[in-house]
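Numbering (the working numbering), first residue to last: 936 to 1452.
Shown next, in the form of structure tokens:
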């Protein structure tokens, strides 16, 4: 090999390479020059007897592409004073952000994605950043928090804002249809906006209901994709409530049939039996109309509280996803973080017992005291549905972790999703083969979201790499102590530079904001 090829490069030798394509693991050396992979050869084929490049001994380790988090909420992480290490320590090198209909622009203080990107680029990125524009953010900017059908004028404003986002370089559109104002929209509105997406960009949706109306929500999702003729990603596919347990095979069959019929549909999964969101999502969508101040007024009105309690504690919800019912009651909903850090780590019935009130009244009390700044963990899924969703065609991995930096006890998926898949579902349960799991974490999301130059250990690819020990990779964190470093991640490389080594962060933000391929 010519010296010009290896000058100034890095040779990773002794590794078992899992290249991201699903191909079987193989022994290989990987040469990196100027941030890209220039050779992947059998052991010893690339000469080591020169000082013109650095050598990295990966004996006993698996080297694979850096993981791509298909569903992240780290939209504002670059603006934090503290480096957000929650993903890079897992081996995640790229994140798809702006999910569930919520993006920092358009809105306040960033009226456009051009303004947002200027601020983010100035701060730099710990991981590569691939943003979506949120449908909820578009609707808020055009209509405010109104429970009303969009007029042609409203839709024209949303479309104009969506065009700006696409021109600025977003990777697609997301919706969050259990959250107001997305909950107030209809499929015609969604299809009109998703229809603006250029080929290769994605409509990602947190569907209308993941419990009682799971299958009809999938039907709505597929209908929007057909009308818009776009690629569609079902966010965090789950049977998210006891009334839907055991229906995952049927849900997957609907997606498979649609894919066979030509709909470009995929989905992401996280490997936990609990979900997490804002505690205020336990309230019916109508309570949110008018915004946070209007909601707080309703929570201080006895008549409105009677109406809210009746809706939350009804046997069947009337057209909305009832998270309390889905979790099987207040005892399965744990407060994970609050503005004051009170109540964290306790379930709603425990808080009620402590305060001498019913769990419903305790929920209302916490929301009022904390001015709605409360997140929750809800235990609402079962293992067999998770495994069916994870092994289905088109399934990839997403953390769905809430934004970093809120403190408290956030869902452990924020810190451990990818090591948990490799430890629990590959090594322990053998739900997935290693090569297939890595494919679902790398090339599949790269191809789905048009992430440029990532997702494979191949000549010409950007050298975003992770080295791990398949015998020890795991995440020991739990719901009461989630912020724990993963085990078994030896090092993480971004564009040829090692940024994490044995869990230690190098301290330099080497990620970048990417542009769709």
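Built from N, CA and C at the ideal position, the CB exists for glycine as well.
A quick note: this is a predicted structure, and the numbers were derived from the prediction, not measured.
Asked                                                                                                                                                                                      : Found
According to DSSP, which residues form a beta bridge with residue 964?                                                                                                                     : 976
Around the Cβ of residue 1437, are there at least 16 other Cβ atoms within 10 angstroms (buried) or fewer (exposed)?                                                                       : exposed
Might you give, ordered along the chain, the residues of its own chain that have their beta carbon closer than 6 Å to the beta carbon of residue 1283, omitting 5 neighbours on each side? : 1265, 1268, 1294, 1297 and 1298
Using beta-carbon positions only, say whether residue 1425 and residue 1096 come within less than 7 Å of one another.                                                                      : no
Among residues of its own chain, excluding the 5 on either side of residue 1152, which ones have a beta-carbon nearer than 8 Å to its beta-carbon?                                         : 1112, 1142, 1143, 1144 and 1145
Under three-state DSSP, which class holds residue 1326?                                                                                                                                    : helix
Does DSSP put residue 1315 in a helix, a strand or coil?                                                                                                                                   : coil
At the level of alpha carbons, what is the spacing between residue 1027 and residue 1190?                                                                                                  : 27 Å
Identify which residue in 1375, 1202, 1399 and 1402 has its Cα closest to the Cα of residue 957.                                                                                           : 1375
Give the straight-line distance between the Cα atoms of residue 1105 and residue 1416, rounded to the nearest whole angstrom.                                                              : 35 Å
Spell out whether any CB of chain C is found under 7 Å from the CB atom of residue 1061.                                                                                                   : Although the question refers to chain C, the structure presented lacks it and comprises just one protein chain.
How is the alpha helix (DSSP H) around residue 1245 delimited, first residue to last?                                                                                                      : 1237 to 1247
Mapping DSSP to helix, strand and coil, what is residue 1455?                                                                                                                              : Residue 1455 lies beyond the stretch modelled for the chain, which goes from 936 to 1452, so this question has no answer here.
Looking at the unbroken alpha helix (DSSP H) that takes in residue 1113, where does it start and where does it end?                                                                        : No alpha helix (DSSP H) holds residue 1113; DSSP gives it neither H nor E.
Return the first residue and the last residue of the alpha helix (DSSP H) that residue 1078 is part of.                                                                                    : 1070 to 1078
Whose CA, out of 1159, 1369, 1039 and 1186, lies closest to the CA of residue 961?                                                                                                         : 1369
Where residue 1015 and residue 1072 are concerned, what is the direct C-alpha to C-alpha distance, given to the nearest angstrom?                                                          : 21 Å
Using the Cα positions of residue 1230 and residue 1220, report the straight-line distance between them to the nearest angstrom.                                                           : 10 Å
Does the distance from the C-beta atom of residue 990 to that of residue 1020 stay below 7 Å?                                                                                              : no
DSSP beta-bridge partners for residue 1399?                                                                                                                                                : According to DSSP, which records beta bridges pairwise, residue 1399 is partnered with nothing at all.
Evaluate residue 936 with the Cβ neighbour count: other Cβ atoms within 10 Å of its Cβ, from every protein chain shown; 16 or more gives buried, anything less gives exposed.              : Note that residue 936 has pLDDT 27, beneath the 50 cutoff, so the model's placement of it is unreliable and the number below is only indicative. By the 10 Å Cβ count, residue 936 comes out exposed.
If the criterion is Cβ atoms closer than 7 Å, does the pair residue 1419 and residue 1427 meet it?                                                                                         : no
Residue 1001 and residue 1401 look like a contact to me (Cβ under 8 Å); what is the Cβ gap, rounded to whole Å?                                                                            : 5 Å
Compare the beta carbon distance of residue 1210 and residue 1313 with 7 Å and say whether it is the shorter of the two.                                                                   : yes
Bridge partners of residue 1295, per DSSP?                                                                                                                                                 : Partner(s): none; residue 1295 has no beta bridge.
Taking residue 1182 as the reference, give the member of 1003, 1089 and 1318 with the closest Cα.                                                                                          : 1318
Using only CA atoms, which one of 1240, 1192, 1452 and 1179 lies nearest to residue 1320?                                                                                                  : 1179
Using only the alpha-carbon positions, how far apart do residue 972 and residue 1129 sit?                                                                                                  : 35 Å
Pick out the complete alpha helix (DSSP H) segments inside the stretch 1322 to 1386, 4 residues or longer, and give them in chain order.                                                   : 1348 to 1355, 1369 to 1376 and 1378 to 1383
How is the alpha helix (DSSP H) around residue 922 delimited, first residue to last?                                                                                                       : A question about residue 922 goes unanswered here, because the residues of the chain that appear run from 936 up to 1452.
Sorted by chain position, which residues of the same chain lie with C-beta nearer than 7 Å to residue 940's C-beta, five sequence neighbours on each side aside?                           : Note that residue 940 scores a pLDDT of 38, beneath 50, so its modelled location is shaky and nothing firm can be said.
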